[in-house]
Each structure stands twice: as structure tokens, then as C-alpha cells.
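Asks: After the C-alpha cells below, expect a handful of questions from me.
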Amino acid sequence: MKSSKTLSCLTYLSFILAVIAFAPTAPAQTVKKIEASDPTFEDLQSPSVAGNTGKKSWKPKDWLEVEVKVKLEPGRAAPRDGHVDRLTVRWYVAVENKIDKAGQKYFLMEKEVTHVNVPLDEDFYLSCYLSPATIKRLTGSERAGKNSITAVGGEITVVGASAPARFTSQGSVSKPWWQSPTMQRTNKYPLLDKNETPFKFLWWDRYLEIESEPS
């Protein structure tokens, strides 16, 4: 009888140990907190790049840049080199729908960008852009500016962070406007990352590197 009880206890203990061994483990906390500022806006003219191909007559047009300042507070398991491998930001931009009268009140554009070699405990910036052609199609004007768009928001995630961080130019991050049913998702008007613009080689150290997509 005693040996039967002992066998049952050993079987139960073996089961518990097996559950613990194969249970998924949470990633170590490399980042304690993701700090993100409110987004800021700036209109930028297409840069003039000198070359040896001769002069061309042209008038620079306006781009709209949206920028967020970010800082990662190191966690208990922060890497010794002071960096994490990747950071992903998903951008959301809302523009008043002046085109599709049968659609929702606002167009919602999205863009996900993955950055690499991300420093800890250091300020850096993330950005996305609307091209002159997109601005003209959406607003009917070639002039960029904060009034070109209704709202900007986004979510930043890092593997090993205690929680993602949201940022927004309007409303509360606890009730993100981009989840509203009044938004009509569209990919006709692309958001661009910095590498997809003529600003790719400008202000290099201000921004994070962007991960190249596999060819």
C-alpha cells in the first residue's frame, strides 16, 4: 500500500516537472519601458542633389514628415552591448476622405517598419513620410503641412519589453482613434519609410537603421 502511494507521488512529481520543462518561457526583460513622444510634423521640400549630369529646371515640391522621439529604458536582462536587435513601429495616419463620397469619413493608412541595432538609454527618432503626389491626391493641394492630415498615431514593440508603447497626435492612447469604425483602410496612398524617400542619406545619425526586406 505504502509503495503504491510512493509510486503515485513519484508519477505526479514527474508530471509536474515535465509540465515545467516544456512550458513556454517568457522572454527576459531587456527593456523596462519604451518612452515615446507625441508625433511632430514638418513640411520638407525635395532635396536638390548636385551631380555631373547637367542642369535641369525643376521646382521642388513639399513632402510631409512625421517624427517621434523614442528612448528605451534598459531592463534587468539588458544586453551588455547596450543594444537590442530590433524595434518595430506600426504607423497610422488618418486623412479626411474628400474623394470617395460613399465611403467612411476618414481614410486610414498604415505602415509597419522594422529597425535594427537599436540603442538602449539613448534618444533616437522614428519617421514616416507622405510624398508630394500623395498629398496632392488626398488634399488637392501641393502644399504640405499639419493640416494635410487629421491624426497620426502608432505602436512601438520590442521583444523583451515589458509592454508596447503607443503615441498619438489626437485623443488618448488607451482608446486609439485608429480602431474607430469611421476609418476606411486603404493602401492606395502609401506611407513611406525614410529609405523610400530622397531623404534616405540625410540626418543619418538621428534615425535608426531600417531593416532591409529579403530579396
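Per the working numbering, the sequence shown runs over residues 12 to 226. Note that CB positions come from ideal geometry on N, CA and C, so glycine has one too.
Could you give the DSSP three-state label for Thr99: helix, strand or coil?
Replies: Three-state result, Thr99: strand.
Asks: Relative to the C-alpha of Leu75, which candidate in Ser57, Asp92 and Thr197 has its C-alpha closest?
Replies: That would be Ser57, whose Cα lies nearest to the Cα of Leu75.
Asks: In the DSSP assignment, find the unbroken alpha helix (DSSP H) run with Arg148 in it and report its ends.
Replies: That run of the alpha helix (DSSP H) goes Pro143 to Thr150.
Asks: Please classify Ala89 as buried or exposed, where buried requires at least 16 other C-beta atoms within 10 Å of its C-beta.
Replies: Ala89 comes out buried.
Asks: Please name the residue in Leu203, Phe210 and Ala39 whose C-alpha comes closest to that of Glu123.
Replies: Closest option to Glu123, Cα to Cα, is Leu203.
Asks: What residue range is occupied by the uninterrupted beta strand (DSSP E) comprising Trp215?
Replies: Careful: Trp215 lies outside any beta strand (DSSP E) and carries neither H nor E.
Asks: For Ala39, collect the residues of the same chain with a Cβ closer than 8 Å to its Cβ; drop the 5 residues on either side in sequence, then sort them by chain order.
Replies: Excluding residues within five positions, the ones whose Cβ falls inside 8 Å are Gly86, Arg87, Ala88 and Gly171.
Asks: CB Leu83 to CB Val95, shorter than 8 Å?
Replies: Yes.
Asks: Thinking just about the alpha-carbon of each residue, which of Gln181, Phe210 and Asn128 is nearest to the one in Ile221?
Replies: Closest option to Ile221, Cα to Cα, is Asn128.
Asks: Output needed for Ser159: all residues of its chain with C-beta closer than 6 Å, excluding positions within five of it in sequence on either side, in chain order.
Replies: Taken in chain order, the residues that qualify are Leu75, Ile146 and Thr150.
Asks: Going by other Cβ atoms of all chains shown within 10 Å of its Cβ, with 16 needed for buried, is Asn108 buried or exposed?
Replies: Classification for Asn108: buried.
Asks: Taking DSSP's pairing of strands, which residues face Thr179 in a bridge?
Replies: Answer is Gly164.
Asks: Would DSSP call Glu207 helix, strand or coil?
Replies: Glu207 falls in the helix class under three-state DSSP.
Asks: Helix, strand or coil for Trp69? Go by DSSP, reduced to three states.
Replies: Coil at Trp69, not helix or strand.
Asks: Nearest by alpha-carbon distance to Lys186: which of Gly165, Asn198 and Ser173 is it?
Replies: Among Gly165, Asn198 and Ser173, the Cα nearest to that of Lys186 belongs to Gly165.
Asks: How is the beta strand (DSSP E) around Arg196 delimited, first residue to last?
Replies: Counting along the chain, the beta strand (DSSP E) containing Arg196 begins and ends at Met194 to Arg196.
Asks: Does the beta-carbon of Ser173 have 16 or more other beta-carbons within 10 angstroms, so that it is buried, or is it exposed?
Replies: Ser173 comes out exposed.
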